[in-house]
Amino acid sequence: MSENALPKGYEPHAVEDHWREYWEKNKTFTPDPDAPGEPFSIVIPPPNVTGALHIGHALNHTLIDVLCRHARQKGKKVLWLPGTDHAGIATQNVVERALAKEGKTRHDLGREAFVERVWQWKEDYGNRILNQIRMLGDSVDWTRERFTMDEGLSKAVRKVFVELYKEGYIYKGKYIINWCSRCHTALADDEVDHMPEKGHLYHVRYDFEDGSGSVIIATTRPETIMADTGVCVHPEDERYAGLVGKKIVVPVIGRVVPLFADRYVDKEFGTGALKVTPCHDPNDWTLGERHGLEFIQCIDEDGNMTAEAGPYAGLSKEECRKRIVEDLQASGQLVKIEDLDHSVGHCYRCKTVVEPHMSEQWFVASTKLAPRARAAVPEMTQIFPENWMKTYYNWLDNIRDWCISRQIWWGHRIPAWTCPQCGKLIVSEEDPTSCPDCGSTELVQESDVLDTWFSSALWPFSTMGWPDKTKDLATFYPTSVLVTGFDILFFWVARMMMMGLHFMDQVPFKHVYLHALVRDAQGRKMSKSTGNVIDPLVMIEKYGTDALRFTLTAFAAMGRDIRLSEDRIEGYRHFVNKLWNASRFALMNLPEDVPAAVELDKVQGLHHQWLLHRLEEVKKDVDGAIEAYRFNDAAQTLYKFLWNEFCDWYLELIKPDMKEEGPRKTEAQYVLWTALREFLILMHPIMPFVTAEIWQALPGGAGSDAAVQLLPEARPGCLKPEAAARMEFVQEVIGMIRTIRAELNIAPSYRLTVLLRPSDAHQKDVLEANREVILTLARLGELIIDADGEAPKASASHVAQGCEVIVHLSGAVDFAAELARLEKELGKIDKELGGLNQKLANEGFVSRAPAEIVERERARVAELTDARVKLTALQQRFRDVM
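Numbering (full-length UniProt numbering), first residue to last: 1 to 882.
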């Protein structure tokens, strides 16, 4: 094969474009449900149509693709189904911002025209995220692409809503919900981001109606005082013994309310007395219902004070807080204000502070559906890592009914109509034309839409054609595994479990793999404000997709966050180049056609036996690691094999074999071809592009596709642990000589004299049999193998498995020059260590500097200290032999 079979350097972009187009055009990843083979299926966690590819997507999709490509290699019929989520609030916000630039609001357009405008936006921009995902090399079946508002999924959503309503699992009622005054919609509990904030705890005096005294209340939200309808204490709190049942006057507003007892109250927080505002706190709502309190709402949907707020009506809640604190101070009822670090709920979309709000909404009775979803883990569905099971159980054990109505226009409109004539509520899969009770045709449809997560909860079966009984559904449901971030364990995973079990009578997936976060090199969460975001598209442009994919896989240890830096991606780009260059070398030494076959379990060369033995181990280890979701172990096994064993050793060991025609060259060519070919298959799930390109250049590879190759079968006869141990002993000896050469700064070109003292006859036989290999790879002028050989005074030694490795130093080292160099090097180290130790001894620096900087300086001290110990030992060695 000519040297030009592969270009000199690997240029990823043209290669990637070719293979993306090839796989999509040829429908390489479109499975036939009727084909033989065990089914393996995964649904893509549907990205928002408003989204752009970020590093979390890149990690998620890389890991899924590794699983899918690996499953195909095992002969399974694999479906990876792609699609996007309509992202109700996010998408409506995007379009409303565009309208605002035109000086318009959605109300100017009207509902129908606004929804049309959103659909047009989706047609123009909605595929951006999918096109960016294509860059990653996802082996999805694009012929089955779905959207949460396409016709089929809309049909499924309506059917689920209607059935759940008829079964009593969906109901409409007044309840306290999370309300975003910016997005003007309700939010589910898990759509609220709780962020730490610095606030205040206000201690306010509430007087008894009879003038007999007062109670001090501690609150973080004085603007809700006007909606207080009770004060609650713990029944065992001795501070309030004998006071329960008395009447108390709410400050400013003058309302008389009861003092009552309930075990809900935390005796240790604040003063132990809790103001109860049922319309503005979910726990107070429960207390209000339990104790028959009045329900008063003093903050409206815009975040402004209602008429119930009395003198503060019309103010924003922020203005009200300022005014009421001033008034309480003036009246003497504000006892004190304490600083408080607490958690405040924000809208997960726009980051506005969320206000608990009483409203009439639609709910799913999650409390009734949760027990079955809880019982299914781990009996029917396993979660990896297992520690997330506890979190899953805790959330389901404490679940509240799910508010599913959203006060926006983009989304699945709730299929419910009210008859204005008689008040009849009609819930139907088909749009009704008249009221079944009074016959009126003037029906009014519910204006709210369903929470985006409602349609997403049906994703594993609605995307496969449910409610129709399709072949896809019969073949690929339940799916094999769900790969997603732990942050949507509640948003999505648990809800899919509830819906899948209820409508399919089966779990939606057998395994759930929750990957960790991608952080920056210092372990910080990536954010635009911090300026530490790594853009995967930029990394792909600079280093190629395979380098990014391999980096993410290599660091994807189960349960551990990934610390990512551009340097690491660049480092693995060198690994991609290493594979490319090793393949070019192999092609230069292989014939144009498939090499003449030899019986691999009977090859004679020790280096061939060792490589084939290692290849068998690698095949088993990589397969086991991917099956167990130990992605990092699979990547590191392949990295070590290619770089440390195949390139650093085997390609050097076979150079003498290739010098002349004959059995020795024939054997070497066939082993080389086999090892490279099988390595490409093993590496393909992680680095699909470069492996596909090299595959076609291999003898026998032209016209075939690496993506459809089966995993190479095991060859038990090639497992030769004793032969491998002999080769590893020879490598260790050579490695010892190389280490001494490097430590003593001996020029690579200098031909050393080495004495080997084997520990027994077996070692001696192995060394003699590999004399040529040791002489060549260790760059020796003379090799003495003698158990009783005498070591000269000027020598350096190491021990390899009991065999003494003694390097003659006379003529190889200028001891005086080396001692001078070491003295200079130690001086530099001592100077830097002195400065660092002085800095770390400064208490002001240690207490004020960022923790990562202090840690970095300490790590540098440890590094320099270790280097000093080694250089001092080397200095002493030189002095001993002079």
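Where is the CB? At the ideal position from N, CA and C, for every residue including glycine.
What are the start and end residues of the alpha helix (DSSP H) that includes residue i?
| i | result |
| --- | --- |
| HIS608 | 606 to 627 |
| MET504 | 494 to 504 |
| GLY835 | 815 to 841 |
| GLU782 | From DSSP, GLU782 is part of no alpha helix (DSSP H) but of the beta strand (DSSP E) over 780 to 785. |
| ARG134 | 128 to 134 |
| ASN632 | 631 to 640 |
| PHE461 | 459 to 462 |
| GLU804 | GLU804 -> not in any alpha helix (DSSP H); beta strand (DSSP E) instead, spanning 803 to 808. |
| LEU274 | First-last for LEU274: 273 to 276, but that is the beta strand (DSSP E), not the alpha helix (DSSP H). |
| ALA241 | From DSSP, ALA241 is part of no alpha helix (DSSP H); its letter is neither H nor E. |
The beta strand (DSSP E) with residue i in it runs from where to where?
| i | result |
| --- | --- |
| PHE384 | 382 to 384 |
| PHE260 | 256 to 261 |
| ILE740 | Taken as a continuous stretch (DSSP letters only), ILE740 belongs to no beta strand (DSSP E), being part of the alpha helix (DSSP H) at 721 to 743. |
| LEU752 | 752 to 757 |
| ARG519 | 518 to 520 |
| ALA556 | No beta strand (DSSP E) contains ALA556, which DSSP labels as neither H nor E. |
| GLN120 | Looking at the DSSP string, GLN120 is not in any beta strand (DSSP E); the run it does join, the alpha helix (DSSP H), is 111 to 125. |
| THR776 | Here THR776 belongs to no beta strand (DSSP E); instead the alpha helix (DSSP H) covers 771 to 777. |
Assuming residue i and residue j form a contact by the criterion Cβ under 8 Å, report the distance between their Cβ atoms to the nearest whole angstrom.
| i | j | result |
| --- | --- | --- |
| PHE454 | VAL846 | Actually they are not in contact, since the Cβ atoms of PHE454 and VAL846 sit about 52 Å apart, beyond 8 Å. |
| ALA554 | ILE569 | Not confirmed; about 10 Å, so no contact. |
| THR62 | ARG549 | 5 Å |
| CYS435 | ILE426 | 7 Å |
| HIS511 | SER480 | 7 Å |
| VAL335 | ILE216 | 6 Å |
| PRO47 | LYS471 | Actually they are not in contact, since the Cβ atoms of PRO47 and LYS471 sit about 27 Å apart, beyond 8 Å. |
| ASN532 | PRO356 | Not quite, the Cβ-Cβ distance comes to about 34 Å (not below 8 Å), so this is no contact. |
| ASP150 | TRP80 | In fact, because the Cβ distance is near 18 Å, the residues do not count as touching under 8 Å. |
| LEU864 | ILE829 | 5 Å |
Can you say whether residue i is buried or exposed, counting buried as having 16 or more other CB atoms within 10 angstroms of its CB?
| i | result |
| --- | --- |
| PHE269 | exposed |
| ASP866 | exposed |
| GLU123 | exposed |
| ALA582 | buried |
| GLU386 | exposed |
| LYS831 | exposed |
| CYS422 | exposed |
| CYS279 | buried |
| THR143 | exposed |
I need the DSSP call for residue i, collapsed to helix, strand or coil.
| i | result |
| --- | --- |
| ASN304 | strand |
| PRO196 | strand |
| LYS159 | helix |
| MET687 | coil |
| LEU864 | helix |
| LEU67 | helix |
| ALA186 | strand |
| ARG321 | helix |
| GLU38 | coil |
| ILE225 | helix |
| HIS203 | strand |
| GLU713 | coil |
| VAL869 | helix |
| CYS180 | strand |
| ILE299 | strand |
| SER565 | coil |
| VAL444 | strand |
| LEU328 | helix |
| ILE216 | strand |
| THR286 | helix |
| TRP673 | helix |
| TRP466 | coil |
| GLY88 | helix |
| ASP339 | strand |
Just list the residues that DSSP pairs residue i with in beta bridges.
| i | result |
| --- | --- |
| GLY345 | HIS194 |
| ASP150 | Partner(s): none; ASP150 has no beta bridge. |
| CYS403 | PHE363 |
| THR484 | LEU514 |
| PRO356 | ASN178 |
| ASP648 | None; ASP648 has no bridge partner. |
Any Cβ of chain B within less than 8 Å of the Cβ of residue i?
| i | result |
| --- | --- |
| VAL603 | Here there is only one protein chain, and chain B is not present. |
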